[in-house]
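Working notes, beginning with the structure itself.
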Amino acid sequence: MSHTCRIELDGKSHDFPVVEGVENELAIDISVLRDRTGYITLDDGYGNTGSCTSAITYIDGDKGILRYRGIPIEQLAAHSSFVETAWLVIWGRLPTQDELSQFSSMLTRNEMMHESLRSHFQGFPPNAHPMAILSAMINAMSCYEPEMMEIEDESTMVRAAARLISKVRTVAAASYKMSIGQPMAYPHPEYHYCENFLHMMFSIPYREYIPTPEVTRALNLFLILHADHEQNCSTSTVRMVASSRANMFASCAAGVCALWGPLHGGANVAVIEMLDFIRNSGMNVAEYVSRVKARDSRLRLMGFGHRVYKNFDPRSKILKAAADEMLETLHVNDPLLDIARELEEVALKDSYFVERKLYPNVDFYSGIILRAMGIPLNMFTVMFAMGRMPGWIANWKEIHDDPKGRIYRPRQIYTGSPLQDYTPIEKR
Ligand code: ACO
764 MSHTCRIELD GKSHDFPVVE GVENELAIDI SVLRDRTGYI TLDDGYGNTG
814 SCTSAITYID GDKGILRYRG IPIEQLAAHS SFVETAWLVI WGRLPTQDEL
864 SQFSSMLTRN EMMHESLRSH FQGFPPNAHP MAILSAMINA MSCYEPEMME
914 IEDESTMVRA AARLISKVRT VAAASYKMSI GQPMAYPHPE YHYCENFLHM
964 MFSIPYREYI PTPEVTRALN LFLILHADHE QNCSTSTVRM VASSRANMFA
1014 SCAAGVCALW GPLHGGANVA VIEMLDFIRN SGMNVAEYVS RVKARDSRLR
1064 LMGFGHRVYK NFDPRSKILK AAADEMLETL HVNDPLLDIA RELEEVALKD
1114 SYFVERKLYP NVDFYSGIIL RAMGIPLNMF TVMFAMGRMP GWIANWKEIH
1164 DDPKGRIYRP RQIYTGSPLQ DYTPIEKR
């Protein structure tokens, strides 16, 4: 379909092309609006703004659909591994067995941190937040990869992606070890991606941690479900930074910072804090929901609502089933899961949530799974960042590979003081 959109402004009409995506999503291309009319569009929070075209991830928020490179998330969750999904997200198709094996060995070869990078950890206070450490260390990593500051060919791209995906896991585990005053564990070359991370998190000298297959599977699932999610806050941040031609490490470090906030990746922590608060306060679920609805504070039902999904987030459905299964097989009884189930039940019947189309999002059940794996609360958002790394890299690559790419630079409508003269300090 090729059609145009006519806009009438000050008695003149202007035609703009309509762009159509492969799933029939429609957008009015207003890139020449200001040149032609002097007007810009204003869209607080970008709810109606397509910032780019992208071939990575497709979401239909009304139907609750999520696909990476066209493949439904449910199929990837059932059959894929995080490493395979990472390859798919970054390079656009499922890898062959050879490609997958080569990429896996690259991850193994790149799993160690440079020894002098380890000493950077001494500079952080013992209770430093692991998200602060993670973003600082990803940036610091770029100092050790001078040949990757400019990526001129595909083989450098593959090496850079492998380094980042592999080392982020080592840095993440090391930041946890630092925070609890334990020696960092070296990665184990015989272990696969998820096992290796769990080993570095939980092994101590002379006592090797061997994860059960259930725990490894749950981590694999968690990482797959977080691998990409189109133009969310952190991914848009990565693209924004990348558009200035900043290197992959700097761009992804910025993504970590954007992810940290409680309205984005930090929500997985906020959900557990909320469930804990409900349990400890002795308040019942209905009372808590009433407080959220009363809006006398900025209280929100954390893990509910989404800018794009106006239906169930497909990831939350998968995680809910996985949480049930995992707790049963590990014989873990988590009272927070019962509160979460009850909250979901109450909210889904309540007109406040129904009218606003607020459904559980990915963070609502992910924390329960992470808790059952023994991951401490302050590492939850770090886990999200590890999972999102392929998506950030793929989006960075899309910007990098676009020869016509322009720097991202939104405009604004100024609402500050009109023209005024400078007043010397003695006259103020
Ligand atoms: N609890 C209570 N009310 C809510 C919630 C919530 N979780 N989410 C939205 N609302 C209400 C808003 O108050 C608003 O009501 P109003 O129209 O009467 O003013 C309406 O629903 C629309 O909300 P917005 O804030 O405009 O929605 P927006 O798209 O900007 O925000 C967001 C989306 C940030 C995710 C929001 O739903 C929220 O804060 N959720 C809780 C935090 C959370 O779980 N974040 C994780 C998101 S997923 C992720 O980033 C991985």
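For the sequence shown, this note's numbering begins at 764 and goes up steadily by one. Cβ coordinates follow ideal geometry from the N, Cα and C atoms, glycine included. A quick note: this is a predicted structure, and the numbers were derived from the prediction, not measured.
What's the call for T816, buried or exposed, on a 16-neighbour Cβ count within 10 Å? exposed
Handout entry: Range covered by the alpha helix (DSSP H) that runs through E878
Key = 878-881
Got a sec, what are the start and stop residues for the alpha helix (DSSP H) S898 sits in? 893-905
Going by C-alpha to C-alpha distance, which of R1063, P1077, L1133 sits closest to L1106? R1063
Check: DSSP on I836, reduced to helix/strand/coil?
Finding: helix
- Item | Local Cβ density within 10 Å of G818, reported as buried at 16 or more and exposed below that | Sequence check: residue 818 is Ala here, not Gly. Result: exposed.
*asked:* For P1077, tell me which candidate among N1096, Y821, S929 has the shortest Cα-Cα distance.
replied: Y821
Next item on the list: Compare the Cα-Cα distances from R1008 to each of I834, R856, E913 and report the closest residue.
Entry: E913
**Asked** Does the distance from the C-beta atom of A1157 to that of D991 stay below 8 Å?
**Response** yes
- prompt: Do the CB positions of F1067 and F1127 come within less than 8 Å of each other?
  reply: yes
Outcome for R1174 when other beta-carbon atoms lying within 10 angstroms are tallied against a minimum of 16
exposed
Check your understanding: Roughly how far, in whole angstroms, is the beta-carbon of I1170 from the beta-carbon of S1006, given that I think they are within contact range, below 8 Å?
Key -> 5 Å
Quick test of your reading: T1144 and G1018, contact by CB under 8 Å. State the CB separation rounded to the nearest angstrom.
12 Å between Cβ atoms; not a contact.
| task | Verify whether the separation of the beta carbon atoms of G813 and Y1072 is less than 8 Å. | result | no
Exercise for review: Please determine, among T919, N1031, M1149, the residue with the shortest C-alpha to C-alpha distance to N1010.
Suggested key: T919
* From E953, E862, A903, pick the residue whose C-alpha is nearest to that of R881; which is it? -> A903
- Spatial distance of V931 from L897 (CA atoms): 8 Å
Within the continuous alpha helix (DSSP H) that includes V1034, where are the two ends? 1030-1044
Practice prompt. For L1133, verify whether its CB is less than 7 Å away from any heavy atom of the ligand ACO.
Written response: no
Going by the beta-carbon positions, is the gap between I1041 and Y1051 smaller than 8 Å? yes
- Reducing DSSP to helix, strand and coil, say where R1172 ends up. coil
Problem set entry | Heavy atom of the ligand ACO within 7 Å of N1074 beta-carbon | no
Please determine whether the Cβ atom of D1113 lies at a distance below 7 Å from any heavy atom of the ligand ACO. no
request  = Report the partner residues of T1092 according to the DSSP bridge assignment.
outcome  = Note: T1092 sits in no beta bridge, so no partner.
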